[in-house]
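Residue numbers (the working numbering), protein chains in the order written: chain Y, 1 to 260; chain B, 1001 to 1260.
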């Protein structure tokens, strides 16, 4: 198996650029997943793994995972620990990193099932929040996630890691705007989550199926046109003093109430 | 007002060390809060602000906040933008940072009120999670938070920022172990949050007051001795495939159910 040692190697340069640039991920149709567990999750979900990078020590320590992954991946390279630190996005790299073909899940959205329960994200900007939301969606069995094009990149390393691999398994679609999407899918009962005591309190909301709960930007909430495009305005009643919850915490409570 | 320009200035060195070292925060009894909003929140909550650092541009841009804060703070210094970037913990510094006396809130815990609703954190390690949990606690009106001594430092910059200032306002206490604390406070009805389908599902739990929901470590959950010390074992039923929720997402759902 070939060993890469130089930062100037073309593949190494590609990996670093994929880690950093959403534009480059879009252009190449590739993204990065890092860590033994996440790489195995990727394989088990059936994605195309283009390249696997491992350190010798990590391959020996995780021999069973390494064997399966290196057979599954189109290409496998060992890299020196120094070089791995260079392509890694984490402070304590595990020595497994792979380049994966981005997923087109649009077909999974062709038909909105009558009993579907969806989450829509409108201009969510923080990849840690998005990763946590995707993880919550999978944990609670959300049917699928609809994201506006101005959300952060779902294929960024932080989202992939924070989602604990949910990004591989969860159906999602990226649309121009949530308002457009809802207009094109009038059968979806839409619930805009707002911070407004006049909105319907979550404790009293009855989610009619198929339904979608729409969550906004961390600082600014939902766009006015997104709210206008929804059938309902709902809010999480808060007894305390804080203005609002963290977006991923609010999402967890919304998903919980929608699903349970 | 004095202007600091050198990285070798003793106060600047102190600020940087306070940003990085929990041990140094403990030794000096000081911690760092950064950002216009957070610094104003600190002042409004009545904490002792020892030192305020601002850039000239930020002081001019936020003149009203600057005037109040500089009157409130014992000492105020302007620093150059370069120097501010050096003491700052954020990628886009707002030009306001203050050093605050750590808070002793033990007295607020002297009596567990009969209608109190508490959260306990057992070995929570991620400061982003802790900040989000504190923010959720404040938003939902949790009475107070009990933390084991092996949690991450509540005065770390990430916790302070992620909590949106809740750390200034929310009663909390740090104890050696949650098990010891519960043993010393037998009047508290304790609910250990576990990932175990045999535990009582959250949908069926009736929280008897005063109560405490106990949340564990991100990777390992609760320690066995913590679970043993609790009256109840509860779990968040999940229909989906993920093994468990992110700790702060699980906390949000638990707090929501406990409070609503």
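Glycine residues also receive a C-beta, built at the ideal position from the N, C-alpha and C atoms. The structure displayed is predicted, hence computed values, not measured ones.
query                                                                                                                                  : result
is_contact[residue 249 (chain Y), chain B] using C-beta, thresh 8 Å                                                                    : yes
Whole alpha helix (DSSP H) elements within the region 1015-1103 of chain B, 4-residue minimum                                          : 1022-1028, 1036-1044, 1056-1061, 1063-1072, 1081-1087
Against chain B: residues of the region 42-66 of chain Y by CB proximity under 9 Å                                                     : none
Candidates Y:249, Y:191, Y:70, Y:149: closest to residue 133 (chain Y) by CA position                                                  : Y:249
Rounded distance between the beta-carbons of residue 141 (chain Y) and residue 118 (chain Y), thought under 8 Å                        : That pair is no contact at about 12 Å.
Residue 190 (chain Y) - containing beta strand (DSSP E), residue span                                                                  : 189-193
Which of helix, strand or coil DSSP assigns to residue 1231 (chain B)                                                                  : coil
Contacts of residue 207 (chain Y) in chain B (Cβ-Cβ under 9 Å)                                                                         : Chain B residues near residue 207 (chain Y): none, gap ~15 Å exceeds 9 Å.
Residues that DSSP places opposite residue 1121 (chain B) in a beta bridge                                                             : B:1147, B:1215
Same chain only: Cβ atoms within 7 Å of residue 1056 (chain B), ignoring 5 sequence neighbours per side                                : 1078
Cβ-Cβ distance between residue 97 (chain Y) and residue 53 (chain Y) below 8 Å                                                         : yes
Neighbour flag for residue 1014 (chain B) against chain Y, beta carbons, 8 Å                                                           : no
Helix, strand or coil at residue 137 (chain Y) [DSSP, three-state]                                                                     : helix
Best match in B:1202, B:1223, B:1188 for proximity to residue 1231 (chain B) [C-alpha to C-alpha]                                      : B:1188
Secondary structure of residue 1171 (chain B), DSSP reduced to three states                                                            : coil
Interface residues of the region 1130-1145 of chain B facing chain Y [CB-CB below 9 Å]                                                 : 1131, 1132, 1133, 1135, 1136, 1137, 1138, 1139, 1140, 1141, 1142
Selection of the region 151-166 of chain Y by Cβ proximity to chain A, strictly under 8 Å                                              : Looking for chain A here will not work: the only protein chains present are Y and B.
Residue 1177 (chain B), DSSP secondary structure in three states                                                                       : coil
From B:1113, B:1127, B:1201, B:1225, residue whose alpha carbon lies closest to that of residue 1234 (chain B)                         : B:1201
Where residue 1003 (chain B) falls: helix, strand or coil (DSSP)                                                                       : strand
Closer than 8 Å to chain B by CB, residue 239 (chain Y)                                                                                : yes
Neighbourhood of residue 163 (chain Y) by C-beta distance below 7 Å, restricted to the same chain and skipping five residues each side : 131, 134, 135
Short CB-CB distance (under 8 Å) between residue 246 (chain Y) and chain B                                                             : yes
C-alpha gap between residue 1012 (chain B) and residue 1086 (chain B), whole angstroms                                                 : 9 Å
Coarse secondary structure for residue 1210 (chain B), derived from DSSP in three states                                               : coil
Partners in chain Y for residue 1033 (chain B), counting only beta-carbon separations shorter than 8 Å                                 : Residues of chain Y passing the Cβ test: none, with the nearest at roughly 16 Å.
Contacts of residue 1128 (chain B) in chain Y (Cβ-Cβ under 8 Å)                                                                        : 128
Under 7 Å by beta carbon: chain Y residues contacting residue 1259 (chain B)                                                           : 239
Unbroken alpha helix (DSSP H) run spanning residue 1254 (chain B), endpoints                                                           : 1247-1259
Contact list for residue 226 (chain Y) against chain B, beta-carbon separation under 7 Å                                               : Correct list: empty, because the minimum Cβ distance to chain B is about 22 Å.
Chain Y contact residues for residue 1203 (chain B), given Cβ-Cβ distances below 7 Å                                                   : 260
Burial state of residue 1216 (chain B) (16 or more Cβ within 10 Å)                                                                     : buried
Residue-level contact to chain Y via CB, residue 1179 (chain B), 8 Å cutoff                                                            : no
Proximal residues of chain B, C-beta to C-beta of residue 253 (chain Y) below 7 Å                                                      : 1252, 1253, 1256
Proximity winner among Y:223, Y:238, Y:15, relative to residue 50 (chain Y) (alpha-carbon distances)                                   : Y:15
Residue(s) in a DSSP beta bridge with residue 221 (chain Y)                                                                            : Y:217
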